[in-house]
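Q: I'd like to ask you about the structure that follows.
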Amino acid sequence: MKAVLYLTLTVGVLWSTFGLLMLVGYSLLSYVSPFLNDLLNITVKTSRWFLAFTLSFLASGMCTCLYSLAKANGDNHVVFLSFAFSSSALSIAIQIYRMVVNGLGWFALDLFGSYGDLSLVKLVSVGLLLLSLIFFSFQFSLIRMERYSP
Numbered sequence: 000m001k002a003v004l005y006l007t008l009t010v011g012v013l014w015s016t017f018g019l020l021m022l023v024g025y026s027l028l029s030y031v032s033p034f035l036n037d038l039l040n041i042t043v044k045t046s047r048w049f050l051a052f053t054l055s056f057l058a059s060g061m062c063t064c065l066y067s068l069a070k071a072n073g074d075n076h077v078v079f080l081s082f083a084f085s086s087s088a089l090s091i092a093i094q095i096y097r098m099v100v101n102g103l104g105w106f107a108l109d110l111f112g113s114y115g116d117l118s119l120v121k122l123v124s125v126g127l128l129l130l131s132l133i134f135f136s137f138q139f140s141l142i143r144m145e146r147y148s149p
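If you're matching positions, the sequence shown starts at 0 in numbering that gives the first Met the number 0 and goes up one per residue.
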């Protein structure tokens, strides 16, 4: 059982780090947007959808970390796991909705407009959705394990 907790903590830390990097990248991009507009004539727009996706992504990873720590201490750990599961579902729902509305490269189209219509961005977006689905299924297996554990 300890191996599962260590794995959960490691995956949660990696997920939180990735979400934090996306949040820092978004913040830096919005900070540097006047310079990009002057130098390259690229207008960077703010995207509330991308910010909501990033925050739910980060919250899911942080709550997964807190779940493993609370379970190791014997505290109420199901609250953290259920919040991690619901925020992961929210991030997947945001991704799928924006993919339906804007296409596969939704976050680059939201941030850069027509400049973000690249095939590499579409592959990154699909890869991010697949990673989110894998993490969602990992959290679902943790919920199932909690349900059937004594």
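All C-beta atoms in this analysis are idealised placements derived from N, C-alpha and C, irrespective of residue type, glycine included.
Treat the numbers as computed from the prediction; the structure is a model and nothing was measured.
What would DSSP say about Asp-109, mapped onto helix, strand or coil?
A: Of the three classes helix, strand and coil, the one that applies to Asp-109 here is helix, per DSSP.
Q: Measuring only the C-alpha atoms, how far is Phe-137 from Leu-6?
A: Phe-137 and Leu-6: Cα-Cα distance of roughly 11 Å.
Q: Within its chain, find whatever has a CB closer than 8 Å to the CB of Thr-53; leave out the 5 residues flanking it on each side and keep chain order.
A: Excluding positions up to five away in sequence, the list reads Gly-18, Met-21, Leu-22, Tyr-25.
Q: Within 10 angstroms of its Cβ, does Leu-27 collect 16 or more other Cβ (buried), or is it exposed?
A: By the 10 Å Cβ count, Leu-27 comes out exposed.
Q: Pick helix, strand or coil for Ile-142, following the three-state DSSP scheme.
A: Three-state DSSP puts Ile-142 in a helix.
Q: Could you compute how far the alpha carbon of Asn-36 sits from the alpha carbon of Leu-110?
A: In a straight line, the C-alpha of Asn-36 is about 13 Å away from that of Leu-110.
Q: Beta-carbon within less than 6 Å of Phe-106's beta-carbon, same chain only, minus the 5 sequence neighbours each way: which residues are those?
A: Phe-49, listed in sequence order.
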